[in-house]
Amino acid sequence: MTASTQAAKLATPDFCQGIQYFGEMLPEFEKYSKEAAIASGSTSISDPKDPAVVFQTLLAADALRYLTLQVTASKASGHPGGFASQVEAYAALVMLGHKNIVTEVGHHAPGFYSAMFLDRSLEDMGIETVQQLRDRFREHHGLLGHLSGYIPGILSPAGPLGQGQHFAMSAARLNPDKLFPVTIGDGGLGEPYIMSSMAHFHTAYPGMTNFLPVLVWNGFSQEHHSMVSTQSNEQMMAYWHGNGFEEVVLVDAKDFDDRDQQGNFVDSTAFSFEQRLAFTEAVLIAADEATKSALSGTRTVLIIKQLKGAGVHARGAKSHNLYAMHTLDNPDIVNALKARALAPEAWQLVRTNFERAGGGPASRVAVTESVLELPEIKDLPLEEYAVGGDPKVATTAMGRLVGKVGECDRSFLVTNADGNEASGIANINQALKIIHPVEDPLYNQKPGGQVYEPLSEDACAGLAAGSALMGSRTLWCSYESFAINGLPIWQTVTQAMAELRRPTPSTVTLFTAGALEQGRNGWTHQRPEVEAYFAAMMRNGNVFPLFPPDANCIQVAYEWALTTKNKGIVITASKSPLPIRTTFEQDRKALADGAIVLQEASGNKTVVFAVVGDMVLLPVLEAASALAVQEVGVRVVSVVNPRRLYRPTDVAWDSCAEPDGDFLDDAEFDQLFGGDALIGVTAGASGMLEPIMLRSTAKRDTFAWKRGETTASPAQLMALNGLTAENLVNRAMALIDQ
């Protein structure tokens, strides 16, 4: 470090503490940096063609590259290459006043953290200097390896690819006056459903164009060339046009290259300084055009084409992540940092612009930094059916309540890929209408409805869960067998909700048509292993699978779900008419305790049946009657809310943002499940019985789903899985005779 550089460092702003290298003044710094491009009291630049604006945007791009690389190298871990290839676009969006920026690329996390540091958002978590930024990267209670709801200013989580567009569309739907750019990697573009989910959103909401995909077309994915690297610019533009985007704005760094770089993807940081400015200006103009187009009702995409790793330690896929040797002493890291190093005055200028952009730090102005005001839900039309009365369809009973919620809250959204009518909830469509550009009363569809029905579980789960994360009430409906295709984003959202710094409505689901109701369709429609997914997620602390045994309990379950925050609530129920077995009073106790006794008879010894589900109660109750004839005591317990049946130490509840530490104590657990023998019964995955099996000290066994088959009746399908009264009786007798 030269003496002049050392002297400059001594005069640096406090936030620069920890910067490894400072650079000299860039050419014409004095000319173009007399004052910040975003004036005091303003929220954005006034002219993207202004040479001072262009110059200061270039400074911002280099600052982002520098911080991204230094932060990752400080831990020899992380992903600098992808974000580095699009920093001109990100910087341009910020300079244009946009702070509600989403990404589907979790590997862009260190770049987003760098941006949040520059605009002072991270001060909300005690990160005020570059040294602190370095220290807390990839540390517990720090800056996680991938984006989460824990970080100030970050709108949404990002980890699994192919999800970010859902968050952008959800936010756009709820905030029609704001723009939500979402960066999409060209490697991630091949992930399932990105384009199809946007296409259905455009069809359902043709005037809602205020989300802006920003394609980061850098030619590489994680370890190889991206699958779209061979496309020409014309082909790529045609692809987006062909998928419903009317305006495609593309900036190709190759058009500005004056260094004769090989290949179709080039690094703008290798250009002469004049051409770097020219490229930056082109990106600014393109971003300005694209944002205005999107906000004015035109479906628009912005594409920045630049080599992956531009300006960092390596190029192409080799820049994707750092390895153990990539410390701050590594020659490649050192050289890249020195090349991007800025003078202290430049750092202060960049910070001033980023802080002023959009009206303040993202942690103050982003839409997710405040609670979305929602109308109160009053007078739910609960209808308590008489125990032992006519059988009722549970889903239909809940559907009536869902219609009332949508009537009270016009932002409320129901999503279903398989059709509400097929799930016994046609009353939802009748009350709220399917969103469709073609109005047709026969199918309960019209523009402006509240039921979103693409034939994609990803699109359904994405918009429902994403909207809940953004602050609104939603309900995702599906067949149990198909829900697995939408679960990745639902899981992402529930984990984000566990970490979130604000309360938000729980993401609620209704899964119908369990395996037992799908006998004639065979194993393709019989996939209750999804319940094992939820059983594992219960230990997260904020996931609550609910199994109401009848049409009364499902109403109480949904009523409760509507009052909760930051939870993932899964209601699984039958679409077939089934007997009414509980009262509302019993149901509220079952939700609080985890289970309820449905039937009890005394005898010489006591067998307890712990039952998860509704239709599977039929053979259990038959078995209970057969055992009673033999003077065996039987207690049939309906497991409604298994999460309550864990021990507090089994679940990470106390680390959740909205902690729920209610668990059934040992004495009450023994009242429900204590006996000489315990048999857990479920027509789904046996993992849902784990809380009971962990705590019980009785002789015990489980009866659970094995596999699907084509059958003529639910009873035949249960028999193929061993779920018969005869088998239950025989096993019970064997256990108590041991």
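Per the UniProt record's numbering, the very first residue in the sequence shown carries number 1; after that it's consecutive.
All residues carry an ideal CB built from backbone N, CA and C; glycine is no exception.
With DSSP as the reference, label residue i as helix, strand or coil.
i, result
"residue 8", "With a pLDDT of 44 at residue 8, under the threshold of 50, the modelled position of that residue is not reliable, and the figure given next carries that caveat. Residue 8: helix per DSSP, three-state reduction."
"residue 312", "coil"
"residue 545", "strand"
"residue 137", "strand"
"residue 600", "strand"
"residue 129", "coil"
"residue 320", "coil"
"residue 708", "coil"
"residue 786", "What is shown of the chain runs 1 to 738, which leaves residue 786 out entirely."
"residue 454", "coil"
"residue 716", "helix"
"residue 2", "Residue placement at residue 2 is poorly supported in this model, since its pLDDT is 46, which falls under 50; the coordinates are not used for a value here."
"residue 445", "strand"
"residue 474", "strand"
"residue 680", "strand"
"residue 291", "helix"
"residue 648", "helix"
"residue 793", "Limits of the chain in this structure are 1 at one end and 738 at the other, which puts residue 793 out of reach."
Given a cut-off of 8 Å, decide if residue j and residue i are closer than it, judged by their beta-carbon atoms.
i, j, result
"residue 251", "residue 85", "no"
"residue 154", "residue 214", "no"
"residue 96", "residue 287", "yes"
"residue 121", "residue 499", "no"
"residue 170", "residue 466", "yes"
"residue 65", "residue 340", "yes"
"residue 688", "residue 545", "yes"
"residue 586", "residue 401", "no"
"residue 67", "residue 346", "no"
"residue 449", "residue 475", "no"
"residue 637", "residue 611", "yes"
"residue 414", "residue 484", "no"
"residue 90", "residue 115", "yes"
"residue 635", "residue 538", "no"
"residue 618", "residue 571", "no"
"residue 699", "residue 735", "yes"
"residue 130", "residue 354", "no"
"residue 16", "residue 344", "yes"
Please classify residue i as buried or exposed, where buried requires at least 16 neighbouring CB atoms within 10 angstroms.
i, result
"residue 663", "buried"
"residue 14", "exposed"
"residue 273", "exposed"
"residue 280", "buried"
"residue 267", "buried"
"residue 186", "buried"
"residue 79", "buried"
"residue 515", "buried"
"residue 558", "buried"
"residue 716", "exposed"
"residue 10", "Any reading at residue 10 must be qualified, since the residue scores a pLDDT of 49, below 50, and its modelled position is unreliable; no value is offered."
"residue 207", "exposed"
"residue 331", "exposed"
"residue 730", "exposed"
"residue 593", "buried"
"residue 232", "exposed"
"residue 614", "buried"
"residue 82", "buried"
"residue 209", "buried"
Could you work out which residue in the options is closest to residue i when comparing CA atoms only?
i, options, result
"residue 174", "519, 558 and 410", "410"
"residue 451", "469, 466 and 416", "416"
"residue 45", "696, 464 and 356", "356"
"residue 72", "535, 222, 35 and 134", "134"
"residue 598", "380, 631 and 387", "387"
"residue 222", "26, 565, 199 and 161", "161"
"residue 766", "124, 520, 111 and 542", "The structure shown does not extend to residue 766, since the chain spans only 1 to 738, so no value can be given for it."
"residue 426", "189, 412, 395 and 40", "395"
"residue 437", "336, 730 and 203", "203"
"residue 205", "299, 126 and 477", "299"
"residue 246", "237, 594 and 228", "237"
"residue 229", "190, 194 and 199", "190"
"residue 406", "293, 562 and 457", "562"
Does any C-beta atom of chain D lie closer than 8 Å to the C-beta of residue i?
i, result
"residue 633", "Protein chain content of the structure displayed is limited to a single chain, and chain D is not contained in it."
- Task: Entirely within the segment 369-438 and at least 4 residues each: give me those alpha helix (DSSP H) ranges in chain order.
- Result: With a minimum length of 4 residues, the continuous alpha helix (DSSP H) runs that stay inside the segment 369-438 are 394-408 and 426-432.
- Hey, which unbroken runs of the alpha helix (DSSP H) at 4 residues or more fall wholly within the segment 566-643? DSSP runs (the alpha helix (DSSP H)) wholly in the segment 566-643: 584-593 and 617-629.
- Query: Which runs of the alpha helix (DSSP H) fall wholly inside the segment 169-233 and span at least 4 residues, in chain order?
  - Reply: Listed in chain order, the alpha helix (DSSP H) elements of length 4 or more contained wholly in the segment 169-233 are 194-204.
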